[in-house]
Each structure stands twice: as C-alpha cells, then as structure tokens.
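A quick write-up on the structure given underneath.
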Amino acid sequence: MVKKTPKSLNSGSNNIQADVIILGCSLPGIVIAHKLKKKFGNTMDIVVLDMSGTPKMVSKCNVSFLTEDDDDDESEEEKDEEECKTEIHASDNMARHFLTKYARELNIPIPDCILEPCRKLNLNKLFQHTNGSTVECPSDFHDFTYLNFTEKFELNQFQARLDHSMRNIYLNFKEDNENERNLLLHYDRTTMEQHICDSLLFSTSRDIMRTTVRLVCGVPADSVSVLFYLHQCYRTNSSKNHLDGDNTRLREKLLGYCRKRLVSQMQQSIEEITLPVKHIKEIRTYSNKQVILMTMMGETNYICNLLAMALRPDELHNIQVEDQLLSKRDADIAGAMRRGRAKKFEIEYENNFWADQGYSGEILSIKGPIIWAMEKPNLSTTGSSRRYFSLVGYLKVKDNGKDVSNKAAVVEQLVKLFGPEAESTISYRETEIEDMFVPRCGDYVALRRLTGQVSRNYLEWSALDIFGDGDVASALQAGHAAYLHLLTSLRPQAQTYEDLTTASWPIILNSNAVEDVLSYVNYKRSMKIVFYTAVLFIGIRLLRGYMQRG
C-alpha cells in the first residue's frame, strides 16, 4: 500500500511514499509498471507519475482480442505450428522478437503484414530519380537493380561494409583492446554524411543513402554518427532491412498498429497506480537512502527507494537534478539530443489501380515529396474486407520547420508515377511522427553507458524515452531492461528465466570472410590506390633517372 503522509505544520506539504516510482507515462515506463505490478501485485508499492496531463484516447479501430471460444475453434496442432512459426521469425529481428513476446503476453493478434513484411509479391516496385524519371524494380529496393552497374556496385559494397562493421562491433568487440576502443570512438565521432561522402562517388548513390538515414533516424545524415546508425542496422539484423526486406520497424512506425494496442492494454492494467502530477521542480536525495521528487507548487512531494526515469530527454530541461544523481556531463548529453522528425501521409482511392498496372504500390523516391510509400495493408484480424484502398508513406521533411500541406505535390507525383487515375482521391491526410531522439556525434558511447547500467545512485536510466513513436520495439526493450535492473536492485531472487531470455533477444548475423574482405573495395578507395601507386611509380622512375645521371 502506498503511504501518504498528511501535511506537516512546518513544511505544509503532503508526502507520498513508495518502493518504486516511475516518472513519466511513456511506453518504457508503462512496461516497467505493468511488469512489476503483474509480478508483485500489492506486495510492492509502485507509483507511476503521469506528467502528460489528460491521457489521450487510443483508437481501437480494427482490433480484436482472442476469446476462449476463438481458442476452441483452432486445433492444438495448428496453434503450436503457428507459435513455432512466429518464434522462428522473431529470432533474427529485434522488432519482431519484442512485439511478438508482448503481443502474446497481452493476447493481441498482430497481422502478418507487420511480422512478415518480406513476403514477395509478383508486382513491381517503383524508383524515382531526382529528375523525375522512374524505373521499375522487380526485386527489393536494397538490391539496387534499378541503378546502373557502377552505382549498384558501390551501394552494394557500402552496405556490405556497414554490415561487416556492425558485426565487428556487436559480436567481436573487446573492451580491453585499445585498437577496437579507438575504432568505436572513431565511429561515434564520424557523421554518416562524412562516411557517405568518403565511400560513395556517385550523387544518386549518396542521395539514396541520405534518404535511408532520414527514414531510419528522422534527422539528416550530418546529424547521425556512424555508430548510432550501425546500432540501428544491428537491431534490424542488417543494413538491408530498412527500405524493405524485414523492415518491421519502418512499417510499424508508419502504421502504429502495435503501439496503440500495447499501450491501451498496459495502461488499463496500471490505471489504479497512475497519478497525474504537475511539473516536477527538483529531484534530490532524501534521508534513509531515498529519493524525493518535489513539485513546483510544493503541495505534494513523492519519496521512493528507487526512481525510474521514463521521461523524454527534453523533459529533463526544467527539472533540477542533484549532481549526485545525474552528473553535469550526462545531463549535457541528454539535453543535447536532437529529436527526429518524420511526416507520414495517407491518400485514399476507390480502387487500387496501381495493382491493375502491375505495381505493388511501393515507392522509393529521392526527389520527393514522397520518399517511401506502400499500399496500406488490411490490418483487420477478423478478415473483414476493405471499402477503399490507400497508399501510405513518408514525406520529405524540411529542416527549417516551415512545413505546409503537400497534397497537391503528392497527387502530382502519383500522377507522374501511375497516370491520371491518381487524381481521383477520396481523402488525404498528413500526420507528424514524434521520432526518436538522436545523440550528438561523440555522445552515443556515453549515453549507452548511462542507460545500460543497473540502477545507480537511486535512479534507473534504462527507461529514458529516447524512442518516441519511431521505434516501438526498442521502447519495449528499454522498459524490460529497466524492469530487470529494478528487480536486481530490489529483489534479485524474483527474476525468472523467461524475464532474462526476453531481455537477451537472439540474433543471427551471417558472415562470409570473402565478402568481408571484398567489402573494403570501392571506387573512391580504388582511385586513391591507383593515384598513390602512380605517384610511387613516377617517384621511383625519377629517382632512378637522377641516380643514373649522377
């Protein structure tokens, strides 16, 4: 039972005391509260402080929950087969792993179009160049068959090099090896823009990679470190799983299907322990190894043994945190993180005329305003048919923040791609996506150190909400990691095998020694080698001629 101390004559404030307080009603914070409440019930005092004000209503459109009758209709053999199928697919992709685990725990069905986006269709995709010309693509975008040989070669080499670097860091990295530590810091301090310009020669190749970085991170390539981008490749199992392939994360960010249902279910389970709170003014240590959170008006203070920080980095700006709890350097790192921006659109038609023309509806464009799009899948788990057909996707975002409606430009672009039928729209809407926060170049190693450690100095930072709407699976992972850290600090004997196996998500990173060696070869490096070889050869010839004359 949460303890509430009445106002004292001296302080004039109420004190609410608990074992654990989760500050922030973000998805990582909700996961912590849900898991703790499910495990301990009323035997542990848990409080969630919601600083967001009035909670938003979550749409339950096209969602159905399995009932006991539904389970009876399905044979045990089919059920086991489906579970095994899902588990196999979840083993090589972090997004599928965590979405599957939590959807199964909360009894939420997930459509195949999210869990298995790599399903092949006998329809062509479209690629659009900066000059507006289009090329049909019968395979995945990451195969680059729509480019000429030289552009295709250097982009394939670039992706192979990214995958090789990613495997070296996340599978073979040794912290006690000075060379590897220096390489890690080099990747952390180098921007993707610099890496792209150093590795790629052709403008089309560079533009495709810049577009990919923007889609994945929500910020331009000059604001993303190579290390941060490699970590995104690691989470999706390869640099090839962003534009298509197993791009569960990119589709979920666009559709928002799993987030709505997971948040809705878990919020219901923690409703009774969630308290609305106005602005927190100060967080500092308290007597008997406790932490106190002081509100702006001072009417109510909150005291706990452990505090899980589930706020967004920008919400820390107006909270004074004691130096013992958060060092100035860590505060600067969190405060300097840049929020990614993404804008999605949905345009509705009476029929899918693109399929009649032999196209899947998937678009990759380096011209804009549409930069990536697909046909909106049928998300109904009840098998109901659709009345209308839609194209959904991401729009090019202007960094100056002066975005206006792109409807006219979007329709014009679709007319160029599919013909005059694209003019007859039923509806059109655009929505801003609150993408993840991206650390400054050089800060990612320190940020991972802050959020990856078990609760220290009474505060747990693993749940820091740096993911926004941009990466739901990573938010689930962060909440689960923070939950395990709190268990380790409070009741380590309560950890179960299932808790630990969920946290250590399995991943399969295929490696080929020959491909790894060949990945070093690219046009710019080859030109440098030829140049230096020519200089060396000419130098030797001049030296020999000089010596012969002497």
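Its first residue numbered 2, the sequence shown is counted upward by one per residue in the numbering used here.
From the three backbone atoms N, C-alpha and C, an ideal C-beta is built for every residue, glycine too.
Computed from a predicted structure; not experimentally measured.
Let me know the secondary structure DSSP gives residue i once reduced to three states.
i    : result
F174 : coil
A19  : strand
A343 : strand
L312 : coil
M295 : strand
R285 : strand
Q321 : strand
F203 : coil
V64  : Any answer about V64 is weak, because its pLDDT of 32 lies below 50 and its placement is not dependable; what the coordinates show is given next. V64: coil per DSSP, three-state reduction.
E82  : Model confidence at E82 stands at a pLDDT of 38, short of 50, so the residue's coordinates are unreliable and nothing is read from them.
M210 : helix
L543 : helix
N43  : helix
M167 : helix
C305 : strand
D500 : helix
R162 : helix
P118 : coil
M95  : helix
H232 : helix
Q111 : Looking at the sequence provided, one finds Ile at residue 111 rather than Gln. DSSP places I111 in coil when its eight states are reduced to three.
H243 : coil
L326 : coil
L487 : helix
S406 : coil
P493 : helix
D71  : In this prediction, D71 scores a pLDDT of 39, lower than 50, which makes its location untrustworthy; no coordinate-derived value is stated.
Taking residue i as the reference, give the member of the options with the closest Cα.
i    : options                : result
D436 : L418, G469, D444, P277 : G469
Q325 : K279, E283, G42        : E283
R342 : Y303, N353, C218       : C218
Q233 : G246, M167, I197, T286 : M167
R285 : I274, Q321, L418, R387 : Q321
F145 : E176, T205, Q195       : T205
G1   : Q549, Q269, I372, K153 : Past the boundaries of the shown model lies residue 1; the chain is included only from 2 to 551, so the question cannot be answered.
H196 : N180, E181, E179, V214 : V214
L396 : L380, I364, Q268, R387 : I364
Y303 : N319, H280, S224       : H280
L255 : Y147, G246, L392, S239 : L392
F128 : L543, Q414, T101       : Q414
Y103 : E152, T151, K36        : K36
T237 : H98, Q18, Y147         : H98
L251 : R450, A19, L116, K153  : L116
M52  : K38, C26, N242, K39    : C26
Can the beta-carbon of residue i be found less than 8 Å from the beta-carbon of residue j?
i    : j    : result
A474 : M45  : no
D189 : G443 : yes
Y350 : T426 : yes
V398 : K345 : no
P378 : P110 : no
F174 : L185 : yes
T131 : K368 : yes
G362 : E376 : yes
E137 : N125 : yes
D357 : R340 : no
L28  : L477 : yes
I24  : L294 : The sequence given here places Leu at residue 24; Ile does not occur at that position. Against a cut-off of 8 Å, the Cβ pair of L294 and L24 comes out as a contact.
L312 : D466 : yes
L308 : S490 : no
I348 : Y429 : yes
N15  : E273 : no
M210 : L201 : yes
L231 : I334 : no
I33  : Y484 : yes
A479 : A464 : yes
M338 : V439 : yes
D20  : C305 : yes
Identify the residues that DSSP records as bridge partners of residue i: which are they?
i    : result
R430 : E347
T135 : Q129
D51  : P277
A34  : DSSP, once it has assigned bridges, lists no residue as partnering A34.
S366 : Q129
M375 : V393
Y360 : N125
S226 : T192
M24  : Here residue 24 is Leu; the residue named in the question, Met, does not match the sequence. Looking at the DSSP assignment, L24 forms a beta bridge with L50, M310.
If we cut at 8 Å on Cβ distances, does residue i have a partner in chain C?
i    : result
V217 : Any reference to chain C falls outside this structure, which holds one protein chain only.
Hey, which unbroken runs of the beta strand (DSSP E) at 3 residues or more fall wholly within the stretch 419-475?
Residue ranges of uninterrupted beta strand (DSSP E) with 3 or more members, entirely inside the stretch 419-475 and ordered along the chain, are 428-439.
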